[in-house]
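Numbering (our numbering), first residue to last: 2 to 425.
A virtual CB, placed ideally from N, CA and C, is assigned to each residue, including glycine.
All figures in this text were calculated on a predicted structure; none of them were measured in a lab.
Here is the structure we will look at.
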Ligand code: KE4
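This is how it looks when you write it as structure tokens:
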């Protein structure tokens, strides 16, 4: 029985919509009440009532080195004693940006912002400015943050709450967003032929409808279609960046977008995101260009320091180790479900993974919605009771960190085997 959690959530519900600072945290996708976290260390988190969990949400992706990673904490401790914010250029911004560009050379120039939403809305603004077009094309179930133009058949919390779109988004604006099923190139081309599209924005691997990988060659065709129809290609790597491959989607799929958005991992758990890409595009952004975008805390020293420490800790060997452990966990879950005769599909890309209670592979959000969400809910709670914290929604991805040891993968498989027993 969670007593302190319950008391705190009672206060929170009087203060915040749904008692939370972001909708998906409210457990509406799985039922019950969220626990209140007290602390995290490495792969684990503890709630205020002493409950301990192996954490596979990792703050929805940022913590690729785990909670309170010593080098990240040391970097923050060092930087914050010299001031937490200036609104004046610092070398830290340059240091982090150089690290991003070293691994993603197609991000020739970038701008730091404070959330993934800011990054994607700014990238789309650049695309609309340079193409002189208004329409954007997104994919059903993909989530690119909560800017008005993206809240059209979006994934993540929008999907979790079953919101078709969102009230408050003017129809005049929503109508400028056209939507194709993920992995459906014919539907995509039909939309491109009918609308003057400024940008195609896509999660290179979808993490906001649950985990959905692209079909082989999907991004190669998407690049070709964008070029044929004069649209920019935007890879929204807020979630996939530095997770699906050491150098991101370009390394994994061999396709170079015009613009890329990043977030989560590049801040190591402190608010930062970025948008960037071809120099001639980014030079259109104020003050070098006339596309306006600004931010009080953009390039914040704490966020830069945490991001630098995180990328420095995420070496190629470290990434490869995390990816191998992710693959072992996914394969282990497949074997458990098969042994127990439970319809189940799971997949991973680098340090990002996910699963559905459905026999056939999931290629689109429509497929994802046919999975057994009620069984997912029961499995989520059975896992939580056994000390494994998964995303509280069937339409989210899961993650892995360098702090998740082989022994913890074994422990996770044992615990989830028993969780599958009770939901089988
Ligand atoms: P933020 O504005 O939440 O920092 O980033 C928006 C965003 C943009 N693009 C992608 C691919 C994303 O996954 C996100 C945010 N991801 C969700 C989790 N699926 C954040 C968690 C939440 O909404 O509380």
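Which class does residue 162 belong to by DSSP, given the choice of helix, strand or coil? Three-state DSSP puts residue 162 in coil, outside helix and strand.
Boundaries (first-last residue) of the alpha helix (DSSP H) holding residue 276: Run containing residue 276: none in the alpha helix (DSSP H); it sits in the beta strand (DSSP E), 274-278.
Quick test of the definition: if touching needs 3 or more C-beta pairs under 8 Å, does the stretch 230-246 touch the stretch 191-205? They touch, by the three-pair rule.
For the ligand KE4, I want to know if residue 321 counts as a neighbour, meaning its beta carbon is within less than 8 Å of at least one of the ligand's heavy atoms. If you check the C-beta of residue 321 against the ligand KE4, you find no heavy atom less than 8 Å away.
Quick one: what does DSSP say residue 181 is sitting in, helix, strand or coil? Here residue 181 sits in strand by DSSP.
Compute the distance between the beta-carbons of residue 180 and residue 221, then report whether it is under 9 Å. Between residue 180 and residue 221, the CB-CB gap reaches or exceeds 9 Å.
Taking Cβ positions only, does residue 387 come closer than 9 Å to chain D? Going by chain labels, chain D is absent from the structure shown, which holds only one protein chain.
Check whether the Cβ atoms of residue 247 and residue 104 lie closer than 9 Å to each other. In contact: residue 247 and residue 104 (Cβ atoms closer than 9 Å).
Which residues DSSP lists as bridging residue 189, in chain order: Residue 189 pairs with nothing; no bridge assigned.
Looking at residue 61 and the ligand KE4, is the gap between the Cβ and the nearest heavy atom below 8 Å? For residue 61, the shortest separation between its Cβ and any heavy atom of the ligand KE4 lies below 8 Å.
Own chain, CB closer than 6 Å to residue 21, minus 5 neighbours either side, in chain order: Its chain contains 27 as the residues whose beta carbon lies nearer than 6 Å to that of residue 21, once the 5 sequence neighbours on both sides are disregarded; these appear in chain order.
Between 219, 177 and 19, which lies nearest to residue 183 when the distance is taken from Cα to Cα? Among 219, 177 and 19, the Cα nearest to that of residue 183 is on 219.
Sort out for me which residues DSSP pairs residue 262 with in a bridge. Residue 262 is bridged to 237 and 276.
Compare the beta carbon distance of residue 351 and residue 213 with 9 Å and say whether it is the shorter of the two. Not closer than 9 Å, so no.
With DSSP as the reference, identify every bridge partner of residue 111, one or two as the case may be. Paired residues: 277.
List the DSSP bridge partners of residue 138. According to DSSP, which records beta bridges pairwise, residue 138 is partnered with 179 and 201.
Whole-number beta carbon distance between residue 404 and residue 67, since they are thought to touch under 8 Å: Indeed, because the Cβ distance is near 3 Å, the residues count as touching under 8 Å.
Three-state secondary structure assigned by DSSP to residue 391: Residue 391: coil per DSSP, three-state reduction.
Is the beta carbon of residue 24 within less than 8 Å of some heavy atom of the ligand KE4? Yes, the beta carbon of residue 24 sits closer than 8 Å to at least one heavy atom of the ligand KE4.
For residue 347, collect the residues of the same chain with a Cβ closer than 6 Å to its Cβ; drop the 5 residues on either side in sequence, then sort them by chain order. Within the same chain, residue 347 has close Cβ partners 331, 334, 335 and 356.
Please confirm if the stretch 399-419 is in contact with the stretch 48-66, defined as three or more CB-CB distances below 8 Å between the two stretches. With the cut-off at 8 Å, the stretch 399-419 and the stretch 48-66 touch.
Cβ-based neighbour list, residue 154, same chain, cut-off 6 Å, excluding 5 preceding and 5 following: If we look at residue 154 and ignore the five residues flanking it on each side, its Cβ neighbours are 141 and 180.
DSSP beta-bridge partners for residue 222? None, per the DSSP bridge assignment.
Grab me the residues of residue 6's own chain with a C-beta within less than 7 Å of its C-beta, minus the 5 sequence neighbours each way, in chain order. Cβ neighbours of residue 6 beyond the five flanking positions: 36, 37, 48, 49 and 50.
Buried or exposed by the 16-neighbour rule on C-beta atoms within 10 Å, applied to residue 87: Residue 87 is exposed by the Cβ-count criterion.
Going by the DSSP bridge assignment, what does residue 356 pair with across the sheet? Partner(s): 347.
With which residues is residue 50 paired in a DSSP beta bridge? Note: residue 50 sits in no beta bridge, so no partner.
Determine the contact status of residue 77 and residue 307, defining contact as a CB-CB distance below 9 Å. Taking 9 Å as the cut-off, the Cβ atoms of residue 77 and residue 307 count as close.
Helix, strand or coil: how does DSSP classify residue 62 here? Three-state result, residue 62: coil.
Rounding to the nearest angstrom, what Cα-Cα distance links residue 241 and residue 208 in this structure? Answer to the nearest angstrom: the Cα atoms are 8 Å apart.
Contact between the stretch 79-96 and the stretch 375-385 is defined here as three or more beta-carbon pairs at a separation below 8 Å; is this criterion met? Between the stretch 79-96 and the stretch 375-385 there are fewer than three C-beta pairs closer than 8 Å, too few to call the two in contact.
Excluding the five sequence neighbours on either side, which residues of its own chain have a C-beta within less than 7 Å of the C-beta of residue 418, listed in chain order? The answer, listed in chain order, is 337.
Just the Cα atoms here: how many angstroms apart are residue 23 and residue 339? If I take the Cα positions, the gap works out to 35 Å.
Buried versus exposed call for residue 42 [16 or more other C-beta atoms within 10 Å across all chains shown]: When all chains shown are included, residue 42 counts as exposed.
Extent of the continuous beta strand (DSSP E) run through residue 206: Element bounds for residue 206: n/a, residue is neither H nor E.
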